[in-house]
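Visitor:
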Amino acid sequence: MNQDDKPRRFLLKLSGEAFAGGGGLGVDPDVVHKMAREIAAVVRDGAQIAVVIGGGNFFRGAELQQRGMDRARSDYMGMLGTVMNCLALQDFLEKEGIDSRVQTAITMGQVAEPYIPLRAVRHLEKGRVVIFGAGMGMPYFSTDTTAAQRALEIHAEALLMGKNGVDGVYDSDPARNADAVKYDALDYAEVITRDLKVADSTAITLCRDNQLPILVFELLAEGNIARAVKGEKIGTLVNS
Ligand code: UDP
Numbered sequence: 019m020n021q022d023d024k025p026r027r028f029l030l031k032l033s034g035e036a037f038a039g040g041g042g043l044g045v046d047p048d049v050v051h052k053m054a055r056e057i058a059a060v061v062r063d064g065a066q067i068a069v070v071i072g073g074g075n076f077f078r079g080a081e082l083q084q085r086g087m088d089r090a091r092s093d094y095m096g097m098l099g100t101v102m103n104c105l106a107l108q109d110f111l112e113k114e115g116i117d118s119r120v121q122t123a124i125t126m127g128q129v130a131e132p133y134i135p136l137r138a139v140r141h142l143e144k145g146r147v148v149i150f151g152a153g154m155g156m157p158y159f160s161t162d163t164t165a166a167q168r169a170l171e172i173h174a175e176a177l178l179m180g181k182n183g184v185d186g187v188y189d190s191d192p193a194r195n196a197d198a199v200k201y202d203a204l205d206y207a208e209v210i211t212r213d214l215k216v217a218d219s220t221a222i223t224l225c226r227d228n229q230l231p232i233l234v235f236e237l238l239a240e241g242n243i244a245r246a247v248k249g250e251k252i253g254t255l256v257n258s
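In terms of the numbering used here, the sequence shown opens at residue 19 and continues consecutively.
1. Give me the DSSP bridge partner(s) of S118.
2. Would you say the beta carbon of S33 is closer than 7 Å to some non-hydrogen atom of the ligand UDP?
3. Any heavy atom of the ligand UDP within a distance shorter than 7 Å of the CB on M97?
4. Could you tell me the alpha carbon to alpha carbon distance between S92 and G73, rounded to whole angstroms?
5. Please name the residue, chosen from Q121, I222 and G39, that lies closest to V234 on a Cα-to-Cα basis.
6. Check the DSSP bridge columns for M95 and list the partner residues they point to.
7. On a CA-only basis, which of N75, I116, E175 and K31 is nearest L230? Give me that one, please.
8. Quick one: what's got a C-beta closer than 7 Å to E169's C-beta in the same chain, skipping five residues either side?
9. For the alpha helix (DSSP H) containing A217, name the first residue and the last one.
10. Suppose the cutoff is 8 Å on Cβ atoms and the five residues either side in sequence are ignored; what does the same chain contact list for Q121 look like?
11. Are the CB atoms of Y206 and V187 nearer to each other than 8 Å?
12. In three-state terms, what does DSSP make of F159?
13. Should V209 and V256 be called a contact, given that it needs their Cβ atoms to be closer than 8 Å?
14. Does DSSP put N257 in a helix, a strand or coil?
15. Beta carbon of F110, beta carbon of V69: below 8 Å?
16. If you draw a straight line from the C-alpha of A166 to the C-alpha of D197, how long is it?
17. According to DSSP, which residues form a beta bridge with V50?
18. Tell me the rounded alpha-carbon separation between V60 and K31.
19. Put I134 into one of helix, strand or coil per three-state DSSP.
20. State yes or no: is the C-beta of T164 nearer than 7 Å to some heavy atom of the ligand UDP?
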């Protein structure tokens with residue numbers, strides 16, 4: 019709880035790639051279970067958590083386009099992939115005893131509610147995790163942009179951007195450059211002018227224009243979601 023005892027509300031962006039574990043494709047139930055356990059712990063502690071999950075473990079529209087497919091159609095495939103991740107997370111949250119609702123931007127009544135922001139807020143107030151699927155429902159967007167937009171619409175205090183295999187933002191790719199330097203803090207302008215790999219530019223400008231802080235952190239490190247929610251100094255904080 020924060021000073022005025024209002025529950026804290028966060029939008030957690032989970033990398034789709036992380037869902038695949040080492041496999042690269044599909045869903046590794048052990049990884050999803052681990053994330054569900056960590057989310058359950060912070061919800062039990064009183065935080066309100068909404069989630070957006072990427073779809074990189076299934077399809078990325080831009081990659082399919084490079085292999086000859088129509089961009090918009092392949093983007094829809096990407097969005098549908100995110101929904102499978104949402105259902106996997108919902109399943110493991112349920113096993114942890116945490117109520118959740120999946121809301122999708124593309125209507126699919128048998129498996130999820132439609133995206134209704136006010137209803138999403140009501141779910142959060144009741145202690146349910148809300149998982150937003152199918153991105154924005156529009157081609158040419160990303161789940162990073164979705165995460166920023168949903169965070170703003172539900173009045174989350176920050177966007178917690180969980181990354182796969184990297185513990186923050188670096189001045190160059192740490193996987194390729196042993197001398198890469200990690201930033202503890204950055205402002206939006208630096209991210210944009212240096213083209214740092216935080217999120218796509220649409221997402222960054224949306225956060226900048228609306229003063230939404232972004233914490234970039236390593237998703238799979240034990241206890242990191244709780245650290246991010248508590249505001250401990252991990253990862254890289256992007257704000258103004
Ligand atoms: N996508 C889209 N519109 C959206 C969100 C996602 O078209 O609003 C598609 C796009 O093709 C994207 C794919 O879904 O490549 C998977 O999402 P993303 O690449 O953001 O997943 P991540 O890289 O975070 O796992």
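Beta carbons are placed, not taken as given, at the ideal position from N, Cα and C, and that holds for glycine. Quick caveat, the model's predicted, so the values are computed rather than measured.
Guide: This is what the structure holds:
1. For the purposes of this step, residue 118 is identified with residue 100 of the sequence shown, where counting begins at 1. V147, per the DSSP bridge assignment.
2. Position 15 of the sequence shown, counted from the first residue, corresponds to residue 33. Checking every heavy atom of the ligand UDP against the Cβ of S33, one is found closer than 7 Å.
3. Counted from its first residue, the sequence shown places residue 97 at position 79. M97: yes, Cβ under 7 Å from the ligand UDP.
4. In the sequence shown, residue 92 corresponds to position 74, counting from 1. In the sequence shown, residue 73 corresponds to position 55, counting from 1. Roughly 12 Å between the two C-alpha positions.
5. Position 216 of the sequence shown holds residue 234. Minimum Cα distance to V234 is reached at I222.
6. By one-based count along the sequence shown, residue 95 stands at place 77. Note: M95 sits in no beta bridge, so no partner.
7. For this step, residue 230 is matched to residue 212 along the sequence shown. When each option's Cα is compared against that of L230, the closest is E175.
8. Counted from its first residue, the sequence shown places residue 169 at position 151. One point to set straight first is that residue 169 is Ala, not Glu, in the sequence displayed. Counting only Cβ-Cβ distances below 7 Å, and skipping sequence neighbours, we find L29, L177 and L230.
9. The count along the sequence shown starts at 1 and reaches residue 217 at position 199. Premise fails: A217 is in no alpha helix (DSSP H) and is neither H nor E.
10. Here residue 121 refers to the residue found at position 103 when the sequence shown is read from its first residue. Hits under 8 Å: A130, E131, P132, Y133, I134, R137, A138, V148, I149, F150 and G151.
11. Position 188 of the sequence shown holds residue 206. Position 169 of the sequence shown holds residue 187. Not closer than 8 Å, so no.
12. Looking up residue 159 in the sequence shown gives position 141. If DSSP states are grouped into helix, strand and coil, F159 belongs with coil.
13. Taking the first residue of the sequence shown as 1, we reach residue 209 at position 191. Taking the first residue of the sequence shown as 1, we reach residue 256 at position 238. Contact: yes.
14. As a position in the sequence shown, residue 257 is number 239, starting the count at 1. Here N257 sits in strand by DSSP.
15. Numbered from 1 along the sequence shown, position 92 holds the residue referred to as residue 110. Numbered from 1 along the sequence shown, position 51 holds the residue referred to as residue 69. No. Outside cutoff.
16. Locating residue 166 in the sequence shown gives position 148, counting from the first residue. Locating residue 197 in the sequence shown gives position 179, counting from the first residue. Going by the C-alpha atoms only, they are around 31 Å apart.
17. The residue given as residue 50 occupies position 32 in the sequence shown. Looking at the DSSP assignment, V50 forms no beta bridge with any residue, so it has no partner.
18. Your numbering for residue 60 matches position 42 in the sequence shown. Your numbering for residue 31 matches position 13 in the sequence shown. Roughly 15 Å separates the two Cα atoms.
19. Looking up residue 134 in the sequence shown gives position 116. Coil.
20. Position 146 of the sequence shown, counting from 1, holds the residue named residue 164. Because some heavy atom of the ligand UDP lies under 7 Å away, the Cβ of T164 counts as near it: yes.
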